[in-house]
Amino acid sequence: MTEKQNYFGLVYQVVREIPKGRVTSYGAIAHYLGLKSGARMVGYAMNAAHTMPDVPAHRVVNRQGLLTGRHHFSTPTAMQEALEKEGVRVEKDQVQNFEQVFWNPETELTI
DNA sequence: CGCCTGACGTTGC
DNA sequence: AGCAACGCCAGGC
68 MTEKQNYFGL VYQVVREIPK GRVTSYGAIA HYLGLKSGAR MVGYAMNAAH
118 TMPDVPAHRV VNRQGLLTGR HHFSTPTAMQ EALEKEGVRV EKDQVQNFEQ
168 VFWNPETELT I
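Each position in the first sequence, counted from 1, maps to that position plus 67 in this note's numbering.
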């Protein structure tokens, strides 16, 4: 598989399953993978995920629905524009209706 | 080989 | 209710 590292690949796998117009949180993925405090690790994996074309890191936000990692994208607005382009409204780097667009891997993911 | 930093989350004050 | 510190783990220097 292209995913050389296991837990990195796991994160990529889950993130790739995020449906268009939906977002999830680092902690949700971490908890889904069994990484208790791995939320940081998920974000760290996202940093490497930027090399993965099929990993929509822009659909992953923090627990508050804030686009904390937007600065890591090509442009500081790429993340927000990508989300808005998919139908997710973002205001001041914060996802609006976060509860509605939130995609829970443990509940909705059928892998 | 050891120290620092980092796309978070939770608990305590 | 808002702010601060801690915890966890891996990669980079």
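The beta-carbon is built from N, C-alpha and C at its ideal position, and this holds for glycine as well.
L100: member of the alpha helix (DSSP H) spanning Y93 to L100, first to last residue. Under the three-pair Cβ rule at 8 Å, the stretch 97-107 does not count as touching the stretch 131-148. With contacts defined as CB atoms closer than 8 Å, V162 and V90 qualify as a contacting pair. Around the beta-carbon of S141, fewer than 16 other beta-carbon atoms lie within 10 Å, marking it exposed. Counting along the chain, the unbroken alpha helix (DSSP H) around K152 starts and ends at A145 to K152. The stretch 119-135 and the stretch 162-174 touch, with no fewer than 3 CB-CB distances between them shorter than 8 Å. Contact check for V109 and R83: beta-carbon distance about 14 Å, past the 8 Å limit, so the pair fails to qualify. Between A124 and H117, the C-beta gap is smaller than 8 Å, which places the two residues in contact. Rounded to the nearest angstrom, the gap between the Cα atoms of P143 and T174 is 31 Å.
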